[in-house]
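Below: one structure, written as structure tokens.
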Amino acid sequence: MANPRAPKPTKPTKGEENPPSIKVTTYRPPDNPAEALTFLAALLYFLSLAFIHLPPHLLSTPTSPLGRIIESTLHFPGGVATYTWLVNVIAIPVVAIHVGETYWMERTRLRKFGVRRGSAVWWAWVGSVFVEGGMAFWRFDRVVQGLGGKKGL
36 MANPRAPKPT KPTKGEENPP SIKVTTYRPP DNPAEALTFL AALLYFLSLA
86 FIHLPPHLLS TPTSPLGRII ESTLHFPGGV ATYTWLVNVI AIPVVAIHVG
136 ETYWMERTRL RKFGVRRGSA VWWAWVGSVF VEGGMAFWRF DRVVQGLGGK
186 KGL
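Quick note on our numbering: the sequence shown kicks off at 36 and runs consecutively.
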């Protein structure tokens, strides 16, 4: 008969479950044209959003420094007014999706493969997935595969 006073075995806490046999210790930047283009396009979007809303408002009017480029060089249809309208209209969905992707990367990839929260590698991956989104997942998965991990995490 089992001793009722004997201590019960405890389950490991969430962070202690199955320590990863594969540990990601490096960041891999965009390394093919599709990834680089996606990263640059998303970065341009976030910079545009910042330049519209943060002082000194470099992209708020046709006479602002970047506004002149859009008006005279890029000939964006509708000019600065349409460009800033478009950037603002999609801001909430874009930011929400990218925050969600960042959260998902942290929960399903970084934590699982031993990337220490707050480390330089963690910040590089988090920043990358926030800017470019899904492409960073594919790249991270290739890093894991290169270390001997399974395809299709």
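Note that beta-carbon positions come from the ideal geometry of N, C-alpha and C, so glycine has one too.
Since we're looking at a predicted model, the values are computed, not measured.
Assuming contact is defined by CB atoms lying nearer than 9 Å, are M170 and P68 in contact in what I supplied? no
Ends of the alpha helix (DSSP H) at P97? No alpha helix (DSSP H) holds P97; DSSP gives it neither H nor E.
Which residues in the same chain have their Cβ closer than 6 Å to the Cβ of A77, if we skip the five residues on either side of it in sequence? V166 and E167
By the three-class DSSP mapping on this structure, what secondary structure does R146 have? coil
Return the first residue and the last residue of the alpha helix (DSSP H) that V59 is part of. Element bounds for V59: n/a, residue is neither H nor E.
What's the call for I105, buried or exposed, on a 16-neighbour Cβ count within 10 Å? buried
Can you give the beta carbon distance from F175 to W160, rounded, assuming they're within the 8 Å contact cut? 7 Å
Does DSSP classify L79 as helix, strand or coil? helix
Label P47 either buried or exposed according to how many other C-beta atoms from any shown protein chain fall within 10 Å of its C-beta, with 16 as the threshold for buried. Unreliable placement is indicated for P47, whose pLDDT of 49 sits below 50; no coordinate value is reported for it.
Where does I127 land, buried or exposed, given buried means 16+ other C-beta within 10 angstroms? exposed
In terms of alpha-carbon separation, which member of V115, L84 and L182 lies closest to T98? V115
Starting from the C-beta of H133, find all residues in its chain whose C-beta is less than 7 Å away, skip the five residues before and the five after it, and write them out in chain order. F165 and G168
Own chain partners of R144 with C-beta closer than 6 Å, once the 5 adjacent residues on each side are dropped: F175
Mapping the DSSP letters down to three states, classify D66 as helix, strand or coil. coil
To the nearest angstrom, how far is the alpha carbon of N53 from that of A155? Per-residue confidence for N53 stands at a pLDDT of 44, beneath the threshold of 50, marking its modelled position as unreliable; the derived number appears in the next sentence. In a straight line, the C-alpha of N53 is about 24 Å away from that of A155.
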